[in-house]
Each structure stands twice: as C-alpha cells, then as structure tokens.
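Below is one structure, written out as structure tokens; the observations come after it.
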Amino acid sequence: MALSGVIGLTRRAAIDGQVIEACRQGDREAFRQVFDAYRDRVFSLALHLAGSEAAAKDVTQQVFLTLFTRAREFRGDAQLTTWLYRLAINASIDERRRQRRLVPVEVAPVAVERTLPEDALRRRELAEKVRAALERLSPKLRVVVVLKHLEGLSYDEMAQLLGCSPGTVASRLNRGHKALARALAHLEGETD
Amino acid sequence: MLARHVDHELSLYCLGELAPPASSRVAEHLLGCARCRRELEPVRRGVAWARTLTPVAASGPSFREVEALLETAATPRTRAWSGRWRWPLLAVTAAAALLLATGGLWLRRPHVTVGVAAGPLSELEAAARAAYLDAAPAQIETDDRGQLASWIGEHTGIHVWLALDTPMRAQVIGLGGGRAVAISYRMEGRPVTLVVASTRTLGSAAPAGAFLRKRITYRHDPADPAGDVKVLTWTRKDQSYALVSGLPNLGQQACFICHTDPERRQLIGSLQVPL
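Below, the structure is given as structure tokens:
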C-alpha cells in the first residue's frame, strides 16, 4: 500500500529529505533534529497508550533507538513518520502488556497543587478521570481514539497506519466513543 | 426501502468533520431513524469526553539519554568464534542463508493456480448463480465502500473490503445454515455478482484451498449453453467466495473490484484455464 497518502503525518513536523538522508548516513546532528521534531509527539502518544510516564519514557527511548539503528531503511519522510507512529503504537501496546505481567506497585496519589484556581483544578481532575477511562479501553479502541483526538488523523491515515480498512477504523472509533461514554456516565454534567 | 444506516459516520458527524452534503444526509437520516438516533447519543457523549484529552507536555527522555543507549547498542560485541566450531558454524550460516534466499525467491513467485470444475454446481456456486440471475431487490445500494463493509459486517459478520468506488448493491442470503452476502456491481458495463460466505458455515462444501497458493476454480455455467456465464470460486483465510459474470475469458476482470495493484491485475489478466 502506498504511504504517500499519510499526508497528515508529514505536515505537522516536517523534516526535510536532506535531514533524513543525513540520518541514513549516521549523522548524529540529523538524529537530534528528528528527535527534537518528534519527541513530544511520540511521548504524548506513548503516555496515552502505555498508561504511565515511566512506560512512556521507555517507549520513547525504544522508538528512537530503533529509528536511529535502522535509519538506513528509510526511503522518504512519509515512511519515516508512518514508521515512527507504528513503532510507538506497537511498543506502547507491548509495554502495557509487559506491565500487566508485573506485580503492581502501590503508588501514592499525585498531590494536587492546591494553589491552582478551583476551575483549573476541577478540569485537571476531570482530565485525569478521562485518561483513566481511556486506559481501560482495549488497545484497539484506545489507539483509534488517541490517534483521532490527539493526533488528528483521518480515517484513511489511521487505516494505513494500522493496516486495516477505514470501515474498521470507523467502527472501532464508534465503539471507543461509546465505551468512553459508558465508563464516564457517572460524571455527566461535569464537562464544560 | 433501503436501510442506509449512518452509524459508521456518527463519530465524524459529531466531530463536525463530515463534508456539508454528507452531514446533511446524516442529519436527515437521523430525523427518520430511531435506531441511528439511539446510537448517536452515546457516541456524541463519548466524543465530548474524548475532546477533553490534551497532549501531555513532554517530560520524556532527553537526547543525551537516547544517545547513551545508542552508544551501548553500537558497542561491538567481541565474541570470538574461534577454535574447532568456527568453520562448522560458518558452513551452517551459509547453508541457512542459501535456504533463505531460495525460499525468498520461491515466495516471490505468483502463487495462483486455476483448476476447472465439472459435475453439479456446489451450494456456493448455485447460490451465486441464482443471485446473479435473479436480480433480487438489494437491501443496500451504495458507492461508499466503507458503508458497505460496515453494513455487511453488521448483518453477516463477514469482512469484505472492495477497493473501487463503484455503485454496489448487496443483500443477505441464507447459505449452509448461515448468513452470506451477495454483492452486485458492474465491470466494463456488465453485471457481476460476488457471494461471500463463512468457510466454517459451508463446511466441506467450501472450495478447497491449496498449500501456500491461492487456488481458483473455474467453470462454465452448465445451464448456459452459450457459455457466457462463468463462475470462479476460491477460499481465502476463513471466507469462501464465488464470482459470477459474463465477462470475457474466465471472467477474471471481475476480480479487479478488489485487486487494484497493476502487477496483480497483470497476473490476473494472464490466468488461463489449464488444458
């Protein structure tokens, strides 16, 4: 399948062909440019998919390490960005699976900064609850919700990225939205 | 009356990402369809919740951390394969590489075979022929492949993804004690009918597959003395297919509804009935 259709992925953090070519030649400065251009996006994606900051950090490291060690395989910017997203999604799901096999550690709740205005505080708490509900979705549903709402990808872009049909993406997104609504039904009325 | 439900478009509708004509069509459908209205509410609420998600300010790894990992990964491993194991190991490696190369070349060959069927029509072939000849009223008519795929999945559990945006009609048919779908479309101005059924439902009546090959079975419709009506059947993964048309040669041009890749089309065009 042609990857040229994944236009949305390239327009947000454009890395020109020269940088990619330099990466392929092993140029460390070019790696740094790619890293700076995509780190936030990969980390944010991994955080929403893998569930914890530590896991997201591991995933981000793993993604860029793979990218740097296999840079010679790149053929164009679209392929680079598509590959980055695929690596991030797969690594996040793997990391999540790995964490499930580990014994859970008791984590103290994050202390809320009481100096925040009440409204901002409430919004932050709500955002945490939405994120927690998102984490309870199955990986397939979680991925499409995150790609749609945080990355703004179209159905066609998601379909190419996930290797399924746009119809499947549409169906998963509907199911994801419905599952979120169910999980957060008890909070109805708290949204702005 | 066609049940053109809009459930697969509800997320985009709620996000306001549908083009104006599609959005109006969905809105109009919702006015008259209680089922889709029931679907709309939870999707709308889910979209509202999902919209509160925001990208997280990065506190991810620094470039130095990744660079340090990179250094570790790049450090050459100095494991000496010496002594009496060195040459046997090299020989085994060379043999494995040769095997992989040969296997790779073999796998790159087009693996499609065509067989000719004789005798009475199978249940799948008969159902496809009946759907082709009867022109029964369609339950859905659309040129939106996503909509068609969703509709078929919802009504039959069958996954069909047709690659071309061409007007298609579909109806659910009973086959082998289960549900199958008959899809009709036109190729080069001629009618074509594709029937897809679950292989498990068909049981032993499903077209046989072949090891590492796609095996297509061809036959002239025995009830058509002119020999214009052709039937192709095959099994792929857990679904069986029958394609009926009056297209030239084997009628394989009908396959282009799914196969849009030029190389694949060339291969399909070159298929011959073995004599």
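For the protein sequence lines, the chains are A and B, in the order given. Read in order, the letters of the first sequence are residues 42 to 233 in my numbering. Read in order, the letters of the second sequence are residues -7 to 267 in my numbering. C-beta: ideal position from N, C-alpha, C; glycine also.
DSSP, read as helix, strand or coil, puts residue 133 of chain B in strand. Between the alpha carbons of residue 165 of chain A and residue 24 of chain B lies a distance of about 40 Å. Contact of residue 101 of chain A with chain B is assigned, a C-beta pair being separated by under 8 Å. For the stretch 102 to 176 of chain B, the full-length alpha helix (DSSP H) segments reaching 4 residues or more read 115 to 126 and 137 to 148 along the chain. For residue 159 of chain B, no Cβ of chain A is located within less than 8 Å of the residue's own Cβ. Contact check for residue 206 of chain B against residue 108 of chain B fails: the beta carbons are separated by 8 Å or more.
Using a Cβ-Cβ cut-off of 7 Å, residue 141 of chain B is close to 206 and 208 of chain A, given in chain order. Proximity to residue 191 of chain A across B:226, B:191, B:41 and B:144 peaks at B:41, based on C-alpha coordinates. Within 10 angstroms of the beta-carbon of residue 219 of chain A lie 16 or more other beta-carbons, which makes it buried. Contact note: residue 75 of chain A does not reach chain B at a C-beta cutoff of 7 Å; the least C-beta distance is about 10 Å. At a beta-carbon threshold of 7 Å, the residues of chain B lying near residue 186 of chain A are 42, ordered along the chain. Bridge pairing for residue 226 of chain B: B:233 [DSSP].
Put simply, the stretch 197 to 217 of chain A does not touch the stretch 81 to 100 of chain B. Fewer than three CB pairs are less than 8 Å apart.
Under DSSP, residue 210 of chain B forms a beta bridge with B:108 and B:224. Put simply, the backbone Cα of residue 67 of chain A is about 33 Å away from that of residue 185 of chain A. Under the 8 Å Cβ criterion, the stretch 132 to 139 of chain A does not count as touching the stretch 66 to 82 of chain A, having fewer than three qualifying pairs. If you draw a straight line from the Cα of residue 259 of chain B to the Cα of residue 195 of chain B, it comes to about 30 Å. Minimum Cα-Cα distance from residue -1 of chain B among the listed residues B:239, B:143, B:161 and B:134 corresponds to B:143. Taking 8 Å as the Cβ-Cβ cut-off, the stretch 212 to 223 of chain A approaches chain B at 212, 214, 215, 217, 218, 219, 220, 221, 222 and 223, given in chain order. Boundaries of the alpha helix (DSSP H) harbouring residue 32 of chain B: 26 to 42, taken from the DSSP string. As computed with DSSP, residue 187 of chain B is found in a beta bridge with B:174 and B:234. Interface with chain A (8 Å Cβ-Cβ cutoff): residue 248 of chain B is excluded. Between the stretch 160 to 180 of chain B and the stretch 219 to 227 of chain B there are fewer than three inter-stretch CB-CB distances shorter than 8 Å, so the stretches are not counted as touching.
Counting along the chain, residue 106 of chain A sits inside the alpha helix (DSSP H) bounded by residues 94 to 110.
Among the residues of the stretch -3 to 28 of chain B, those with a Cβ less than 9 Å away from any Cβ of chain A are -1, 0, 1, 2, 3, 4, 6, 7 and 9, in the order of the chain. Using a Cβ-Cβ cut-off of 8 Å, residue 153 of chain B counts as an interface residue toward chain A, since at least one Cβ of chain A sits closer than that to its own. When the five nearest sequence neighbours on each side are left out, the beta carbons in the same chain lying within less than 6 Å of the beta carbon of residue 175 of chain B are those of 160, 162 and 186, in order along the chain. Setting aside the 5 residues that flank it on each side, residue 148 of chain B is surrounded in the same chain by 164, 171, 172 and 173, each with a C-beta closer than 7 Å to its C-beta; the list follows chain order. Judged by DSSP in its simplified three-state form, residue 73 of chain A adopts helix. In the DSSP assignment, residue 179 of chain B is bridged to B:182. Residue 130 of chain A sits close to residue 90 of chain A, with the two beta carbons spaced by under 8 Å. Shown here for residue 150 of chain B: same chain residues with a beta carbon closer than 6 Å to its own, the five before and five after excluded, namely 144, 173 and 188 in chain order. Only those residues of the stretch 78 to 97 of chain B whose C-beta falls short of 7 Å from the nearest C-beta of chain A would be listed, and there are none. CA-to-CA, the gap between residue 251 of chain B and residue 46 of chain B works out to about 40 Å.
Sequence-distant Cβ neighbours of residue 265 of chain B in its own chain, meaning closer than 8 Å and more than five residues away, are 106, 108, 210 and 242. Ranked by Cα distance from residue 238 of chain B, the first of B:198, B:213, B:191 and B:115 is B:213.
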